[in-house]
Amino acid sequence: MIDYALRRLLIAIPTLFLIVTASFFLMHAAPGGPFDAEANLEPQVLKNLEAAYALDRPVPEQYALYLGRIFRGDFGPSIIYSDRSVTSLIATGLPVSLQLGLSALIIAACIGGLLGTVAALRQNTNVDYAVMASAMTGIAVPSFVMAPLLTLIFGVTLKLLPIATLEPGGSLARAIPAFAPLTPYIMPVIALALPQIAIISRLARAATIEVLRQNYVRTARAKGVPGRSVVLGHTLPAAALPVVSYLGPTVANVVTGAVVVETIFQLPGMGRFFVQGALNRDYPLVLGIVIVFAMAVIVMNLIVDLLYGVLDPKVKTGQA
Amino acid sequence: MPYGKLLIIAVAALAFPSEAATLKRGTNAEPRSLDPQLGLGNSAGMILNDLFEGLLTVGPDGKPVPGVAESWSAGADGQSYTFTLRPGLTWSDGHPLAAEDFVFSFRRLLDPAIAATFASFLYPIAGARDVNAGRAGPETLGVRAVDPRTLEVRLAFRAPYFPDIMTANAAAPVPGHLIERHGARWTEPGIMVSNGAYVLSARVPQTSITATRNPKYRDAAAVKIDAVVYYPSDDQGAALKRFRAGELDIALNFPAEQIALIERELPGTLRVGPTLGVFYIMLNQARPPLDDRRVRRALSLAIDRDGIVAKLLPPGATPAIGLVPPTISNFTHFSNRDHEEPLDARQKRARALLTEAGYGANRPLTFSFKFDTLEQNRRIGTAVIAMWKAIGVVATPDAGGAQAVDRDARTRNYDTVRWTWFAPYDDATSFLGLLEGGESTNRSTFVDAEFDQLMNLARKTGDPAARRSFLEQAERRAFDLQAVIPIYYPSNRRLVQTYVRGWQENPRAVNLTRYLWLER
Numbered sequence: 133m134i135d136y137a138l139r140r141l142l143i144a145i146p147t148l149f150l151i152v153t154a155s156f157f158l159m160h161a162a163p164g165g166p167f168d169a170e171a172n173l174e175p176q177v178l179k180n181l182e183a184a185y186a187l188d189r190p191v192p193e194q195y196a197l198y199l200g201r202i203f204r205g206d207f208g209p210s211i212i213y214s215d216r217s218v219t220s221l222i223a224t225g226l227p228v229s230l231q232l233g234l235s236a237l238i239i240a241a242c243i244g245g246l247l248g249t250v251a252a253l254r255q256n257t258n259v260d261y262a263v264m265a266s267a268m269t270g271i272a273v274p275s276f277v278m279a280p281l282l283t284l285i286f287g288v289t290l291k292l293l294p295i296a297t298l299e300p301g302g303s304l305a306r307a308i309p310a311f312a313p314l315t316p317y318i319m320p321v322i323a324l325a326l327p328q329i330a331i332i333s334r335l336a337r338a339a340t341i342e343v344l345r346q347n348y349v350r351t352a353r354a355k356g357v358p359g360r361s362v363v364l365g366h367t368l369p370a371a372a373l374p375v376v377s378y379l380g381p382t383v384a385n386v387v388t389g390a391v392v393v394e395t396i397f398q399l400p401g402m403g404r405f406f407v408q409g410a411l412n413r414d415y416p417l418v419l420g421i422v423i424v425f426a427m428a429v430i431v432m433n434l435i436v437d438l439l440y441g442v443l444d445p446k447v448k449t450g451q452a
Numbered sequence: 314m315p316y317g318k319l320l321i322i323a324v325a326a327l328a329f330p331s332e333a334a335t336l337k338r339g340t341n342a343e344p345r346s347l348d349p350q351l352g353l354g355n356s357a358g359m360i361l362n363d364l365f366e367g368l369l370t371v372g373p374d375g376k377p378v379p380g381v382a383e384s385w386s387a388g389a390d391g392q393s394y395t396f397t398l399r400p401g402l403t404w405s406d407g408h409p410l411a412a413e414d415f416v417f418s419f420r421r422l423l424d425p426a427i428a429a430t431f432a433s434f435l436y437p438i439a440g441a442r443d444v445n446a447g448r449a450g451p452e453t454l455g456v457r458a459v460d461p462r463t464l465e466v467r468l469a470f471r472a473p474y475f476p477d478i479m480t481a482n483a484a485a486p487v488p489g490h491l492i493e494r495h496g497a498r499w500t501e502p503g504i505m506v507s508n509g510a511y512v513l514s515a516r517v518p519q520t521s522i523t524a525t526r527n528p529k530y531r532d533a534a535a536v537k538i539d540a541v542v543y544y545p546s547d548d549q550g551a552a553l554k555r556f557r558a559g560e561l562d563i564a565l566n567f568p569a570e571q572i573a574l575i576e577r578e579l580p581g582t583l584r585v586g587p588t589l590g591v592f593y594i595m596l597n598q599a600r601p602p603l604d605d606r607r608v609r610r611a612l613s614l615a616i617d618r619d620g621i622v623a624k625l626l627p628p629g630a631t632p633a634i635g636l637v638p639p640t641i642s643n644f645t646h647f648s649n650r651d652h653e654e655p656l657d658a659r660q661k662r663a664r665a666l667l668t669e670a671g672y673g674a675n676r677p678l679t680f681s682f683k684f685d686t687l688e689q690n691r692r693i694g695t696a697v698i699a700m701w702k703a704i705g706v707v708a709t710p711d712a713g714g715a716q717a718v719d720r721d722a723r724t725r726n727y728d729t730v731r732w733t734w735f736a737p738y739d740d741a742t743s744f745l746g747l748l749e750g751g752e753s754t755n756r757s758t759f760v761d762a763e764f765d766q767l768m769n770l771a772r773k774t775g776d777p778a779a780r781r782s783f784l785e786q787a788e789r790r791a792f793d794l795q796a797v798i799p800i801y802y803p804s805n806r807r808l809v810q811t812y813v814r815g816w817q818e819n820p821r822a823v824n825l826t827r828y829l830w831l832e833r
């Protein structure tokens with residue numbers, strides 16, 4: 133299994149290289165440059181700025197310079213945040229995004245998995261219909277609608293929770309001071325988790341129904357295995373497979389792509405740096421985040437494949 | 314993530330302050346840098362104004378007043394200035410602040426390796442352009458510390474607005490003794506030293522920046538607010554919600570369409586004022602059809618400026634016929650009777666001008682109009698095209714990203730394009746320079762020897778009355794040739810809680826925290 137993991141990581145290197153190359157040239161092909169927003173730059177000042185970031189060199193030369201830098205583990209200086217390096221920006225943004233994204237996904241996996249299983253076990257009853265109807269609503273209402281609604285209700289009207297940033301606030305924080313540091317996370321995590329709960333509950337329901345019809349489940353029941361053991365021991369591991377394979381890339385997606393939620397709640401995560409960087413043509417910042425994002429996707433996919441081997445005896449990752 | 318936890322605890326401590334007066338100011342996007350020579354935009358500007366003080370600073374009304382310098386005088390030829398520093402000044406770490414610090418700072422701002430955007434602010438200083446281009450060493454710059462309290466500046470040309478420039482953040486002193494030791498890291502909290510009313514104490518990226526009272530500030534006794542927390546926000550809707558929930562005392566910006574809600578739910582908090590800015594349309598006069606003055610005049614006459622201001626813009630904007638806004642001092646604001654006639658009379662006159670120039674129903678005037686896709690600009694662009702259509706002109710919209718539009722303007726790749734300019738100092742030359750040959754801010758295709766001659770005369774004369782007259786003639790000349798089509802003068806809009814006192818809206822949009830106090 134370790135062999136397999138190492139081999140997969142080795143294959144990841146050319147993949148990463150291709151991603152970096154494509155992103156680099158696409159970024160530079162986009163119209164405009166990092167200093168175009170400063171509409172009234174003196175020509176000399178523009179020259180100095182371009183020289184400072186080597187933007188006055190031909191693009192292939194800039195590419196070679198950039199590759200040389202990342203091989204030394206240096207993502208370079210950020211152009212828009214001129215006194216910070218890209219590495220330090222990612223170092224501040226990634227932990228916040230990780231906290232948010234992982235909390236949201238863990239909550240979503242638990243609640244979604246539970247709801248989906250319950251719905252499957254009570255197939256075509258009112259419980260099932262209620263769960264699936266709320267799931268459809270959860271999928272249909274995007275986070276840029278859900279997040280402002282939450283802030284309007286719990287922040288502006290009820291004044292229970294802080295509206296933005298990671299600073300504790302609202303009447304809940306004052307009522308239970310020990311709980312205060314968590315208050316700024318509540319609404320963003322809910323906004324991030326809701327659509328995921330919806331998707332996961334649908335996946336879990338479909339998978340559970342499918343597994344319940346399998347011969348080995350029927351055999352277990354026929355042997356007189358108690359209902360609880362059938363569900364927990366036989367059904368759940370197999371039904372978890374589609375959910376796990378969905379969670380893999382989604383972790384990477386939620387962690388790096390919570391742009392909308394991070395913007396609405398003014399959270400200092402990586403998604404906001406990504407958007408600011410892309411809008412302002414901050415080439416090093418965007419490329420740095422793309423590399424981190426790509427690595428996250430590759431690693432999560434690998435973890436999913438390894439988990440498959442654990443959950444499903446049919447898959448032997450060691451001999452793949 | 315122990316670092317993150319520490320931050321949360323630090324922030325929690327700040328969120329529940331004791332009796333100390335804390336002001337919570339909302340700003341725009343995260344500042345790019347807290348180095349006064351590298352910081353750009355409103356967010357950085359607001360914070361740096363509290364942290365640093367230049368030779369001059371601004372009063373509560375935004376007008377220049379003595380800062381680090383207690384007095385200054387111009388030389389007989391108008392091409393040199395001598396600034397006298399206040400006695401006993403120090404940085405926040407107690408290190409003495411002397412004229413030599415300004416010599417260091419001005420040389421650093423012009424150092425090509427720093428690549429400071431606002432290096433051009435110091436271009437009036439003798440030798441500045443050469444230093445900034447790397448053609449001459451920093452020691453050739455016309456700045457000299459005569460003694461610790463006397464700074465002498467030689468200018469390359471007459472610039473009566475030079476003291477005004479000294480209020481800018483870029484012209485503030487930076488602590489050389491710190492920069493030599495820490496390099497670019499000198500702006501980090503715990504390291505940074507400043508000379509303004511406040512010092513940086515904490516910074517959480519994309520969340521907040523905290524500054525506390527500087528006990529070493531020259532006028533520390535008069536400062537009433539103990540700490541300021543600045544909250545960067547790139548989402549105006551979110552900033553408004555935080556203001557409504559009382560999480561912000563001052564909001565720098567908000568979505569224009571929420572005006573009605575603000576007036577209904579937050580009475581007395583909306584502060585509106587004029588700016589040192591102008592929104593105008595540039596026309597490509599280097600090629601037909603807009604090289605014809607009659608055509609340009611017709612296009613200007615056909616625009617319903619009152620309608621744009623009343624229906625498409627947030628409150629406080631005013632219609633513009635001249636390029637120089639009424640907020641500029643020592644200048645008679647330009648007006649034109651033809652442009653004040655009712656719209657239908659103007660449209661009639663415009664149609665006649667177009668007919669005279671050879672355009673009509675059989676041969677309509679056609680060209681493209683470039684504007685960016687920012688909601689407000691897109692609406693104005695569409696409205697202007699409709700107004701031109703009313704006189705038979707077919708203008709095709711060419712909407713693009715802001716950066717693409719800026720680049721096209723710089724390379725003169727347009728028929729017509731919308732443009733906005735905010736003056737860095739209070740002087741008419743900042744606006745008229747937009748049309749002057751050889752000026753780097755000039756994105757227009759307007760070329761006129763007589764206009765350039767008037768600007769030259771204004772720059773050379775030592776007589777303020779003659780200077781004013783030359784500049785007013787230049788504005789007149791630009792209008793006669795319809796060099797550009799001014800549309801409106803934009804407004805500043807702020808939300809200020811009613812318990813924040815001492816706030817005066819001003820064209821420079823600078824409100825130092827040290828003039829404010831809280832009365833709950």
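Chains as they are written, first to last, in the working numbering: chain F, 133 to 452; chain P, 314 to 833.
Glycine included, each C-beta is placed from N, C-alpha and C at the ideal position.
Just so you know, these numbers come straight off a predicted model, no measurement behind them.
Neighbourhood of residue i by C-beta, 8 Å cutoff - its chain only, sequence neighbours within 5 removed
i: Leu410 (chain P); result: Val381, Leu398, Leu402, Thr403, Trp404, Pro486 and Asn508
i: Gly673 (chain P); result: Leu667 and Gly705
Alpha carbon of residue i to alpha carbon of residue j, nearest angstrom
i: Ile693 (chain P); j: Leu625 (chain P); result: 7 Å
i: Ser356 (chain P); j: Pro488 (chain P); result: 21 Å
i: Ser346 (chain P); j: Ile522 (chain P); result: 12 Å
i: Asp657 (chain P); j: Ala703 (chain P); result: 10 Å
i: Thr147 (chain F); j: Phe157 (chain F); result: 16 Å
i: Tyr213 (chain F); j: Pro518 (chain P); result: 10 Å
i: Lys554 (chain P); j: Val288 (chain F); result: 7 Å
i: Phe873 (chain P); j: Gly705 (chain P); result: There is no way to answer for residue 873 (chain P), as the model of chain P reaches only from 314 to 833.
i: Asp547 (chain P); j: Met278 (chain F); result: 19 Å
i: Met479 (chain P); j: Ser648 (chain P); result: 31 Å
Cβ neighbours of residue i in the same chain (closer than 7 Å, five flanking residues each side left out)
i: Ala296 (chain F); result: Phe397 and Gln398
i: Asn482 (chain P); result: Pro349, Gly352, Gly358, Leu361, Asn362 and Phe365
i: Pro327 (chain F); result: Gly270, Ile271 and Ser275
i: Val622 (chain P); result: Ala630, Thr631, Pro632 and Tyr801
i: Ala390 (chain F); result: Ser229, Leu232, Gly233, Leu324, Gly401 and Gly403
Exposure of residue i, with buried meaning 16 or more beta-carbon neighbours within 10 Å
i: Ala154 (chain F); result: exposed
i: Ser361 (chain F); result: exposed
i: Asn412 (chain F); result: buried
i: Glu193 (chain F); result: exposed
i: Val191 (chain F); result: exposed
i: Leu422 (chain P); result: buried
i: Lys773 (chain P); result: exposed
i: Pro587 (chain P); result: buried
Those residues which DSSP pairs with residue i across a bridge
i: Leu468 (chain P); result: P:Ile438
i: Ser804 (chain P); result: P:Pro587
i: Tyr672 (chain P); result: Bridge partners of Tyr672 (chain P): none, in fact.
i: Leu513 (chain P); result: P:Ala524
i: Gly301 (chain F); result: Its beta-bridge partners do not exist; DSSP assigns none.
i: Trp734 (chain P); result: P:Val591
i: Ala387 (chain P); result: P:Tyr394
i: Trp830 (chain P); result: P:Arg814
Same chain only: Cβ atoms within 6 Å of residue i, ignoring 5 sequence neighbours per side
i: Gly409 (chain F); result: Leu417 and Val418
i: Glu465 (chain P); result: Thr395, Arg457 and Val459
i: Glu832 (chain P); result: Tyr812 and Arg814
Original post:
Per the contact definition of three or more C-beta pairs closer than 8 Å, is the segment 603-615 of chain P in contact with the segment 652-664 of chain P?
Top reply: yes
Subject >> Segment contact, 8 Å Cβ cut-off, at least three pairs: the segment 440-448 of chain P with the segment 175-182 of chain F >> reply: yes
**OP:** Would you be able to state if there are at least three C-beta pairs under 8 Å between the segment 375-385 of chain F and the segment 343-354 of chain F?
**Re:** no
Original post:
Between the segment 368-377 of chain P and the segment 815-828 of chain P, are three or more C-beta pairs nearer than 8 Å?
Top reply: yes
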